[in-house]
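Novice:
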Ligand code: HEC
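Laid out in structure tokens, this is it:
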């Protein structure tokens, strides 16, 4: 098949220009995407927690999970698309879509703390990792308390 460069360039331009919500064909897809990202973040937080509770924490494993969480923490928020609070299995509260400035602040706070966790993990001091892990947990909870249903 001969690919038209022009058509390709047009497609790329559209892909770049499209708003985040256009990345999801249906609100259900957006919910699945953000829940999947959150679930992976939660899984790796659990792995770090398990290491921190171990007699000899595996710092390499913590570093790996912390680096993944740093990347994953960038994923969920574009998937909170307008109207996706109406999807049956979502736990997002409708207020999430009204308090946009507050939500943005909470998301950025969490991402900042997660970056610090990745840095602390690289440095390798278990006490500092432990302290920063707790701070990240607080940042997760701050948003869940107000914007996620029990
Ligand atoms: C700015 C808000 C916000 C922050 C910060 C946040 N979350 Fe969430 N999280 C949510 C919302 C809202 C949901 C519900 C999403 C849904 O059901 O559509 C959720 C869902 C989850 C879920 C359930 C996913 C599933 O399987 O349905 C887990 C696990 C989770 N978050 C973990 C975390 C962890 C760990 C952090 C911190 C590193 C974190 N979240 C930070 C808002 C946030």
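Numbering (this note's numbering), first residue to last: 1 to 150.
Here a beta-carbon is modelled for each residue, glycine too, at the ideal position from N, C-alpha and C.
None of these values were measured; they are calculated from a predicted model.
1. Residue 110: beta carbon under 7 Å from a heavy atom of the ligand HEC?
2. Does residue 92 come out as helix, strand or coil in the three-state DSSP assignment?
3. For residue 148, which residues does DSSP report across the bridge?
4. For residue 69, collect the residues of the same chain with a Cβ closer than 6 Å to its Cβ; drop the 5 residues on either side in sequence, then sort them by chain order.
5. Any heavy atom of the ligand HEC inside 7 Å of the beta-carbon of residue 62?
6. Is residue 47 a contact residue of the ligand HEC, with contact defined as CB to any heavy atom under 7 Å?
7. For residue 121, which residues from the same chain have a beta carbon less than 6 Å from its beta carbon, with the 5 sequence-adjacent residues on both sides left out?
Specialist: Per the coordinate set shown:
1. Within the cutoff, so yes.
2. In the structure shown, residue 92 sits in a strand (DSSP, three-state: E or B).
3. Paired residue(s): 92.
4. Correct list, in chain order: 41, 44 and 114.
5. Taken from the Cβ of residue 62, every heavy atom of the ligand HEC lies 7 Å or farther away.
6. No.
7. Residues 62, 63, 66 and 129 of the same chain have their beta carbon placed closer than 6 Å to that of residue 121, with the five preceding and five following residues left out of the count.
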